[in-house]
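**Q** The working numbering puts the first residue of the sequence shown at 3, with every later residue one more than the last. The beta carbon of each residue, even a glycine, is placed where N, CA and C say it ideally should be.
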Amino acid sequence: MSLFTCTNISICHLDLRDYNHYFNEEESITLSHLSLTTQCEVLSIRVHNRESIIILVTNLIHLRILHICWNDENNSEQFQLTENNGKCSGKRTQILDELVQWLKDRLPSTYLINNDPYYDHDISIWI
């Protein structure tokens with residue numbers, strides 16, 4: 003990835019959602035250790051799983067806001083099945099609510115975590 007070759011630059015707001023790539027755990031670790039992200043305060047990103055979210059929040063020490071487009075590997079097939087049956091919206095809401103609760107159980111209580119009412123896969127965390 004060319005993103006991982008950037009050096010000698012620091013960005014306060016980084017939006018990677020248009021990058022059309024879902025970051026896995028290994029890529030999240032790599033991203034969080036780049037000089038590019040050392041001063042990052044607002045990050046918008048697509049991630050594959052819950053653990054990637056925890057990695058980013060833990061390792062990006064200046065982060066204030068994390069906007070996540072989430073596509074959990076474990077639920078991708080389930081999303082497909084519910085979309086085909088026309089029951090997509092309710093199941094996605096339930097899965098996102100479960101993710102929000104999972105994050106609340108693992109992150110400090112001072113963090114505000116909620117799912118976006120306008121986008122099916124988006125969650126925001128205010129740190």
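Output needed for Trp128: all residues of its chain with C-beta closer than 6 Å, excluding positions within five of it in sequence on either side, in chain order.
**A** Translated into the one-based positions of the sequence shown, residue 128 becomes position 126. Only Ile67, Leu114 meet the Cβ criterion.
**Q** With a cut-off of 8 Å, do at least 3 Cβ pairs link the region 39-47 to the region 102-110?
**A** Result no; under three Cβ-Cβ pairs closer than 8 Å.
**Q** Bridge partners of Cys71, per DSSP?
**A** On the sequence shown, residue 71 is found 69 positions in, with the first residue counted as 1. Answer is Arg48, Asp124.
**Q** Taking all protein chains shown into account, do 16 or more other C-beta atoms lie within 10 angstroms of the C-beta of His64, making it buried, or fewer, making it exposed?
**A** The sequence position of residue 64 within the sequence shown is 62, counting from 1. Burial call: exposed.
**Q** Is Ser37 closer than 8 Å to Leu62 when the C-beta atoms are compared?
**A** Sequence index remark: in the sequence shown, residue 62 carries index 60 (1-based). Sequence index remark: in the sequence shown, residue 37 carries index 35 (1-based). It is not a contact, given that the beta carbons lie outside the stated cut-off.
**Q** What do you reckon, are the CB atoms on Glu27 and Ile57 nearer than 8 Å?
**A** Locating residue 27 in the sequence shown gives position 25, counting from the first residue. Locating residue 57 in the sequence shown gives position 55, counting from the first residue. The answer is yes: Cβ separation under 8 Å.
**Q** Using the Cα positions of Ile125 and Thr40, report the straight-line distance between them to the nearest angstrom.
**A** Mapped onto the sequence shown, residue 125 falls at position 123. Mapped onto the sequence shown, residue 40 falls at position 38. Those two C-alpha atoms are separated by around 22 Å.
**Q** Could you pull out every residue in the same chain whose Cβ sits closer than 6 Å to the Cβ of Phe81, ignoring the five residues on either side in sequence?
**A** Translated into positions along the sequence shown, residue 81 becomes position 79. Confidence is the limiting factor: at Phe81 the pLDDT is only 49, short of 50, which leaves the residue's position unreliable, though a coordinate-based value still follows. Excluding positions up to five away in sequence, the list is empty.
**Q** Let me check one thing: in DSSP terms, what residues is Asp107 bridge-paired to?
**A** Your numbering for residue 107 matches position 105 in the sequence shown. Paired residues: none, contrary to the question.
**Q** Buried or exposed: which applies to Tyr121, given that a residue is buried once 16 or more other Cβ atoms fall within 10 Å of its Cβ?
**A** Residue mapping note: residue 121 aligns to position 119 of the sequence shown, counting from 1. Under this definition Tyr121 is an exposed residue.
**Q** Could you give the residue range of the beta strand (DSSP E) that holds Ser114?
**A** Taking the first residue of the sequence shown as 1, we reach residue 114 at position 112. Strictly speaking, residue 114 in this sequence is Leu, with Ser absent from that position. Leu114 -> beta strand (DSSP E) spans 114-117.
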